[in-house]
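There are 2 protein chains.
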Amino acid sequence: MKNNGQDNDIPQWLETAPKKNSFRSILKWGDPKAFKNPSKGFLKVIKQELNLTDNDFTTMENIGDQRVEDSSPVYLSGANLAGLEKIVGKENLSIATYDRLKYTKGKAMEDIMSLRLGQMKDICDLVVHPRHKKDVKAIVSFCHDQKIPVHVYGGGSSVTFGLDCPRGGVTLALSTHMNKLVSFNETNQTITVEPGMMGPVYEDLLNNAIEKLSAKKAYTGGHFPQSFEFSSVGGWVVTLGSGQASSLYGDAADLVISQEYVTPKGSFKTIEYPATATGPKLNDIMKGSEGCFGVLVSVTMKVFEYLPDNARQFSFIFPSFESAVDAGREISQGRFGMPAIFRISDAEETDVAMQMYGLEGGILDKFMGMKGMKKGRRCLMMGQSEGEKTFAVNVLRQVKKICRKNKGFFLTGYPMRKWYKGRFSDPYMRDALNDYGILIDTLECSVTWENLHSLHKTVRRVVKANPHTICMTHASHFYAQGTNLYFIFITKMPELAEFKTYQQSIIDGIEAAGGSLSHHHGVGRMMAPWMERHLGCEQMDVLRAIKTHLDPNGIMNPGGLGL
Amino acid sequence: MKNNGQDNDIPQWLETAPKKNSFRSILKWGDPKAFKNPSKGFLKVIKQELNLTDNDFTTMENIGDQRVEDSSPVYLSGANLAGLEKIVGKENLSIATYDRLKYTKGKAMEDIMSLRLGQMKDICDLVVHPRHKKDVKAIVSFCHDQKIPVHVYGGGSSVTFGLDCPRGGVTLALSTHMNKLVSFNETNQTITVEPGMMGPVYEDLLNNAIEKLSAKKAYTGGHFPQSFEFSSVGGWVVTLGSGQASSLYGDAADLVISQEYVTPKGSFKTIEYPATATGPKLNDIMKGSEGCFGVLVSVTMKVFEYLPDNARQFSFIFPSFESAVDAGREISQGRFGMPAIFRISDAEETDVAMQMYGLEGGILDKFMGMKGMKKGRRCLMMGQSEGEKTFAVNVLRQVKKICRKNKGFFLTGYPMRKWYKGRFSDPYMRDALNDYGILIDTLECSVTWENLHSLHKTVRRVVKANPHTICMTHASHFYAQGTNLYFIFITKMPELAEFKTYQQSIIDGIEAAGGSLSHHHGVGRMMAPWMERHLGCEQMDVLRAIKTHLDPNGIMNPGGLGL
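Line by line, the protein sequences are chains A and B. Quick note on the numbering used here: the first sequence kicks off at -13 and runs consecutively. Quick note on the numbering used here: the second sequence kicks off at -13 and runs consecutively.
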């Protein structure tokens, strides 16, 4: 343990890479050697709101430093193990408990808490690293015949228990080998990749297309979820993810031109068209299927000319959440194109941000006060316009005009640029806080404009029903018809069972208030129990009918999506 | 018969409204009292290319003036007729042959030819005019129990035999009563309507939302197919239509926020969200189902602020189809937003247009020649930008820049404005030419940029394999990944069977050349025989599985989509 260099010694943050084969090496976010600790300002808010003192930051508990022993029995028969080994070769499968645990756990708060406690529930029996789609075909066919469950692991960033294996079976780790470029078509502005290609590799290929793909221009994929660095292209598509720039580029589903799937009932590739009217489209039906219908083995995505020099940042402070949202709605309905990044924080998130960045009580704070932007009410909006230069400049100009009309006060592009630099690194902070028993979790939904404030109030009430809890909310994916709301809640709650009940009460609250169960996290097994009530049995039965057709033995990610 | 006032007497065009209850009253396009005859220039091209003389324009044949006799037997039992009458009332059903024929025939060339010949194949047994979704529920439930086929008629503009009733049964005429506004939500920018609302009523409501919907602003639906005046909102959605302004507003499928369906297996309404990540979406799965899964009973669509004053028209002439398409691709990939209307005509369509408008041989023609824009090579591009003012102006500016770079020559906005005025009326011309045995038909597909020229050449070759045939082609729906190609072919071919074989050879050609079987006409029964080869049996089997689930007795539009 190393002091992170703060003025006082409390708290000390753990800044050593996890031990090899430890639970912590599985639960820790991202790069083993990277850390991000709460700023002094943020810690101050946490102490204050969670009613904590320095005493709460003296002893770390459940850091998950213990080694994962090779103790978990394998329930696959020797014949089945041999059959699978014959397909991929000895070097591409593992029955080591550590590997099985690693490829079964996502990044939900429960995943992390259970790992800290050394628990190993619902893990797979075998991790297989298929080399190509031929391997996947052989594996799915074999598992179909032998009725062995098959799960798919892309980047492992699921926050919905999407990787759990309650019936054991096989987990296919796609990022090991199936992470390659298949083809790039500059004329059509499409790229085809294997599903296990990770975000940074994908974006790097496109940004450097002139050198790496012999292209005439540079490109971007336009998809930057917070998990960007540790999620895969295939994962984005099968879980219906959204990136931080989705307001312009579209959600993952909007970026998909074609997909190729291997299912127990056969394989198919949807044809590459810009659009088609040949009936309900398999290219749509398969999006969001989360491995329950089959395995995505290649995907063709739209790409966009990369024009980073044209980006224009903005940020505004508004006297209230209502006025910020009104401006957000007008912008989204303004018919001048959309900012790529576009975010509105509610009052609590804004106040926390002010303290995090040490702005509270400073000149800016006083100035805001003079402008009637009061703590507990004022809300931050920020964003970035992109695209062709005049387009990007005009988006910025229109945003400014609409914000001013709604009593927004321009804060320059500085806060946006500051946020941008750290935009993928916040999950690291969770590990630091978790070490002292402080939980951070998020739940999110989509909502129409009309229902936004009612839902926001309802869900906040549910979150705040737990005393000493921070609840920060933002909207970060905008459409002409509405937006998403992303709730971040921070509290101290040592018991996993208690946390689970708490989390469920929030999901209940979102559902009852008319929010979508998920805007971009997907369903997994976390939302699965709500799916029937949410969609109705008639709609669930259609999904079940597709599942039964493509996967008659029910081997594909059993229990995922609630199917 | 009335002389249309041309200088000579040949040809005389028929300009009298069809007789009541005649076949012609069914086959004639649009308003019974509206006519549009080929211009002298167009007629000159037709004579020249089809190798016709004035002798071919002296006698009209098969004008379909005969009365539809009440002769076609009804194959529904008395008990079934009584059961359905009990649901909707006597006044809302008809077994008259005329009505049954009228609500079974679309606007495919074969529909019209067979009506001219007085044929009555594949008509329904009964036309029912449901009053509301409760009626539809009762009818579908009754027909499911009694195994009676159910078909849906919206505006009747299908060009794919989508309305045929090869097994008889019931046709639901939705435009009679189920044509009402359900709700309008200005905050969410959505409108919910019954499916039988016709295009002009829908757009009029939105354009006049301030008076008619007590809105603060005026809106547009942004959807203007050529059939706009005689097609229904529901029809747009279930056949995956596209409007003339789709390059900006999106295709019908992109405009749908929520749908409510009645199926033999139950009813459901998808929830209104701007986006959702709750697994594969029924809102997508049902789009394009063409009545084969159930009956669409209400639909919620996106609307857009109506800003007609900001529209900017443009047209350009290019030295070749290749240079025009290159410019079209650069524009579609330009990241400054899209023109709303955007069209590129190939060389033959451009030449015909020049003659239609009497421009050939004139000053403009000579000027084009000087600029190297030669007949047989030069291609017309035109379009209209819309949206917020600076956005629309910038789109125009960028279009000009890209066109100039690709050797396009600006022809002002005049040709676009001229086209715009007549944009819904060309189908009237078909009737006039058909009266002299000249057939006009269209087939269309979508295609990626890379495959565009190869497909264009291949399909033209197939069309031109029939001697004395005009083949005009345009692209009119643009995406960053490709566009559509719309083939109009004009020839003299008196035999229906010969025409059918010819048409099939063109569909074969499109499919073999890698085009989508349909970009926006849908599948119906015309493309159905190609669906399995086109999509592959694995994909068709998924559609069949959904069909079997929602419609276990196979009563919903049997044979539609090839299901």
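No residue lacks a Cβ here, since even glycine has one placed at the ideal position from N, Cα and C. Bear in mind that the values here come from a model prediction, so they are computed numbers and not experimental data.
Worksheet item: Exposed or buried, residue 511 of chain B, counting other C-beta atoms within 10 Å across all chains shown (16 or more means buried)?
Response: Residue environment for residue 511 of chain B: buried (at least 16 other C-beta atoms within 10 angstroms of its C-beta).
Discussion item. Under 7 Å, CB to CB, which of the residues in the stretch 309 to 330 of chain B have a partner in chain A?
Written reply: 319, 320, 321, 322, 323
Worksheet item: What are the start and end residues of the beta strand (DSSP E) that includes residue 517 of chain A?
Response: Careful: residue 517 of chain A lies outside any beta strand (DSSP E), inside the alpha helix (DSSP H) at 514 to 521.
Worksheet item: The beta strand (DSSP E) with residue 428 of chain B in it runs from where to where?
Response: 424 to 434
Worksheet item: By DSSP, does residue 457 of chain A sit in helix, in strand, or in coil?
Response: strand
Worksheet entry | Spatial distance of residue 427 of chain A from residue 513 of chain A (CA atoms) | 15 Å
Worksheet item: Helix, strand or coil: how does DSSP classify residue 64 of chain A here?
Response: helix
Item to complete: List the residues of chain B that residue 528 of chain A touches, going by C-beta distances under 8 Å, in chain order.
Response: 268, 271, 532, 535, 536
Worksheet item: Could one say the Cβ of residue -8 of chain A lies closer than 7 Å to chain B's Cβ atoms, at least one of them?
Response: With a pLDDT of 47 at residue -8 of chain A, under the threshold of 50, the modelled position of that residue is not reliable, and the figure given next carries that caveat. Residue contact with chain B for residue -8 of chain A: absent (no Cβ-Cβ distance below 7 Å to any residue of chain B).
Fill in: Residue-level contact to chain A via CB, residue 455 of chain B, 7 Å cutoff
no
Worksheet item: Are the beta-carbon atoms belonging to residue 368 of chain A and residue 324 of chain A less than 7 Å from one another?
Response: no
Item to complete: Can you have a look at residue 214 of chain A and say buried or exposed, based on whether 16 or more other CB atoms are within 10 angstroms of its CB?
Response: buried
Practice prompt. Check each candidate in B:500, B:121, B:239 and name the one with the smallest Cα separation from residue 433 of chain B.
Written response: The residue with the shortest Cα to Cα distance from residue 433 of chain B is B:500.
Worksheet item: When the Cα atoms are used, what is the spatial distance from residue 60 of chain B to residue 12 of chain B?
Response: Cα to Cα, the separation comes out at about 20 Å.
Worksheet item: Looking only at DSSP bridge pairs, what is residue 298 of chain A linked to?
Response: A:371
Worksheet item: Using the beta-carbon count (16 or more within 10 Å), is residue 39 of chain A buried or exposed?
Response: exposed
Worksheet item: For residue 277 of chain A, which residues of its own chain have a beta-carbon under 7 Å away from its beta-carbon, when the five flanking residues on both sides are left out?
Response: Within its own chain, the residues whose Cβ lies closer than 7 Å to the Cβ of residue 277 of chain A, once the five positions on either side in sequence are excluded, are 137, 138, 224, 542, 543, 546, listed in chain order.
Worksheet item: Is residue 93 of chain B helix, strand or coil by DSSP?
Response: Three-state DSSP puts residue 93 of chain B in coil, outside helix and strand.
Item to complete: For residue -5 of chain B, count neighbouring C-beta atoms within 10 Å of its own C-beta (all shown protein chains included) and say buried if the count is 16 or more, exposed if not.
Response: exposed
Discussion item. Using a Cβ-Cβ cutoff of less than 7 Å, which residues in the same chain neighbour residue 557 of chain B once the five nearest sequence positions on both sides are dropped?
Written reply: No answer is possible for residue 557 of chain B: it lies beyond the span of chain B, which begins at -13 and ends at 549.
Worksheet item: Which of helix, strand or coil does DSSP assign to residue -13 of chain B?
Response: Low per-residue confidence applies at residue -13 of chain B: pLDDT is 39, beneath 50, and the placement is therefore not dependable enough to give any value.
Fill in: Cross-strand partners of residue 159 of chain B (DSSP beta bridge)
B:139
Discussion item. So if I threshold CB-CB distances at 8 Å, which residues from the stretch 284 to 310 of chain B count as touching chain A?
Written reply: Those residues of the stretch 284 to 310 of chain B placed with their C-beta closer than 8 Å to a C-beta in chain A are 288, 290, 291, 293, ordered along the chain.
Worksheet item: Going along the chain, which residues of the stretch 142 to 175 of chain B sit with their C-beta nearer than 8 Å to a C-beta in chain A?
Response: 171, 173, 174, 175
Worksheet item: CA-CA distance, residue 24 of chain B and residue 415 of chain B?
Response: 6 Å
Worksheet entry | Inter-stretch contact at 8 Å, needing at least 3 Cβ pairs: the stretch 312 to 330 of chain B / the stretch 372 to 388 of chain B | yes
Item to complete: List the endpoints of the continuous beta strand (DSSP E) containing residue 330 of chain A.
Response: 327 to 331
Worksheet entry | Proximity of residue 412 of chain A and residue 15 of chain A at Cβ, strictly below 7 Å | no
Worksheet item: residue 182 of chain A and residue 165 of chain A: beta carbons closer than 7 Å?
Response: Contact flag set, yes.
Worksheet item: Which chain B residues sit within Cβ distance under 7 Å of residue 522 of chain A?
Response: 254
Discussion item. Considering just the uninterrupted stretch of the alpha helix (DSSP H) at residue 269 of chain A, what are its terminal residues?
Written reply: 268 to 271
Worksheet item: Would you call residue 515 of chain B buried or exposed, if buried means 16 or more other Cβ atoms sit within 10 Å of its Cβ?
Response: exposed
Worksheet item: Going along chain A, which residues have a C-beta under 9 Å from residue 374 of chain B?
Response: 320, 321, 322, 323, 380, 384
Worksheet item: Candidates A:318, A:484, A:298, A:32: which alpha carbon is nearest residue 457 of chain A's?
Response: A:32
Worksheet item: Leaving out five residues before and five after residue 299 of chain B in sequence, what residues of the same chain have Cβ atoms less than 6 Å from its Cβ?
Response: 370, 399, 402, 403
Worksheet item: Can you list the alpha helix (DSSP H) stretches of 4 or more residues lying completely in the stretch 182 to 269 of chain B, in chain order?
Response: 185 to 193, 195 to 198, 219 to 224, 232 to 235, 238 to 241
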